[in-house]
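Under my numbering, the first residue of the sequence shown is numbered 3, with each subsequent residue one higher.
Cβ atoms here follow ideal geometry from the backbone N, Cα and C, with glycine treated the same way.
Heads up: the structure comes next, in structure tokens.
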Amino acid sequence: MEKTFVMFKPDCLERGLVGRILTRFEEKGLRLLAMKMLRITPAMAKQHYAEHVEKPFYPGLEEFITASPVVAAVFGGPEVIRVVREMLGATSGLKAAAGTIRGDYSASRQMNLVHASDSPESADREITIYFTPAEILSWDPSLACWFQAPGEI
Ligand code: CMP
């Protein structure tokens with residue numbers, strides 16, 4: 003089963019939107035495999051956002067992402083990396099389509115509520131930053147048979 007890394011960012015916790023957004027992922031039928039609350043350190047931020055460290059917006063991004071706790075999670079499911087990215091919408095909440103999570107709840111490029119991996123390579127790398135293999139649970143929800151037909155997973 004494909005896995006993706008999802009992070010509910012500080013603006014999501016400060017605005018009390020974790021439950022509402024988590025519900026959208028659960029209702030879609032994505033399988034929650036791991037979840038923890040933590041505070042990101044500047045060193046972790048540089049590791050997570052390695053590809054952005056040299057960009058002009060990085061200092062502001064690091065200040066934002068370390069400002070309050072985050073909730074890190076792993077979700078599983080068929081094509082889950084693409085599905086979650088499409089549910090989030092465009093990076094900027096101002097540009098994200100109505101009906102997407104950012105389109106509905108964000109009006110910012112930086113404070114866009116949720117991060118999700120953009121490729122299998124990113125998912126593997128990001129999951130390893132936040133979780134040990136033992137923290138990622140493999141389980142079969144009883145109702146899985148009512149979300150997907152046999153052979154779809
Ligand atoms: P995320 O999906 O977590 O990946 C990188 C993050 O950097 C992005 O969401 C935004 O929070 C932030 N970001 C991307 N582009 C910009 C930008 N031009 N200005 C400020 N923040 C940005």
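(request) Mark Lys48 as exposed unless 16 or more other C-beta atoms lie within 10 angstroms of its C-beta, in which case mark it buried. (result) Note on Lys48: under 16 other CB atoms within 10 angstroms of its CB, so exposed under the neighbour-count rule.
(request) Could you name the residues that DSSP lists as bridge partners for His117? (result) In the DSSP secondary-structure assignment, His117 is bridged to Met9.
(request) Indicate, with yes or no, if ligand 2 has a heavy atom lying under 7 Å from the CB of Arg84. (result) Ligands present in the displayed structure are limited to ligand 1, and ligand 2 is not among them.
(request) Counting only runs of 3+ residues fully inside the region 76 to 142, write out the beta strand (DSSP E) ranges in chain order. (result) Listed in chain order, the complete beta strand (DSSP E) runs (minimum 3 residues) inside the region 76 to 142 are 116 to 118.
(message) Mapping the DSSP letters down to three states, classify His22 as helix, strand or coil.
(response) Here residue 22 is Arg; the residue named in the question, His, does not match the sequence. Here Arg22 sits in helix by DSSP.
(request) Could you spell out the range, first to last residue, of the alpha helix (DSSP H) harbouring Lys38? (result) Counting along the chain, Lys38 sits inside no alpha helix (DSSP H); it lies in the beta strand (DSSP E) bounded by residues 33 to 40.
(message) Between Met3, Thr68, Ile23, which has its C-alpha nearest Leu115's C-alpha?
(response) Comparing C-alpha distances from Leu115 to each of Met3, Thr68, Ile23 shows the shortest one belongs to Ile23.
(message) Run through the DSSP bridge pairs and tell me what Ala52 is partnered with.
(response) Beta-bridge pairing links Ala52 to no other residue.
(message) Below 8 Å on the Cβ atoms is my contact criterion, and I expect Leu139 with Leu35 to pass it. Report the Cβ-Cβ distance as a whole number of Å.
(response) Contact between Leu139 and Leu35 holds, since their C-beta atoms are separated by about 6 Å, short of 8 Å.
(message) By the DSSP assignment, the alpha helix (DSSP H) with Phe66 in it spans what residues?
(response) 60 to 67 is the extent of the alpha helix (DSSP H) around Phe66.
(message) Can you check whether the C-beta of His117 is within less than 8 Å of a C-beta belonging to chain C?
(response) In the structure shown, chain C cannot be found, because there is only a single protein chain.
(message) Once the 5 residues before and after Phe133 are set aside, which same chain residues still bring their CB inside 8 Å of it?
(response) The beta carbon of Phe133 is closer than 8 Å to those of Ala36, Lys38, Ala74, Val76 in its chain, skipping five residues each way along the sequence.
(request) Give the C-beta separation of Val72 and Lys11 to the nearest angstrom, bearing in mind that I take them to be a contact with Cβ-Cβ under 8 Å. (result) About 6 Å; that satisfies the 8 Å criterion.
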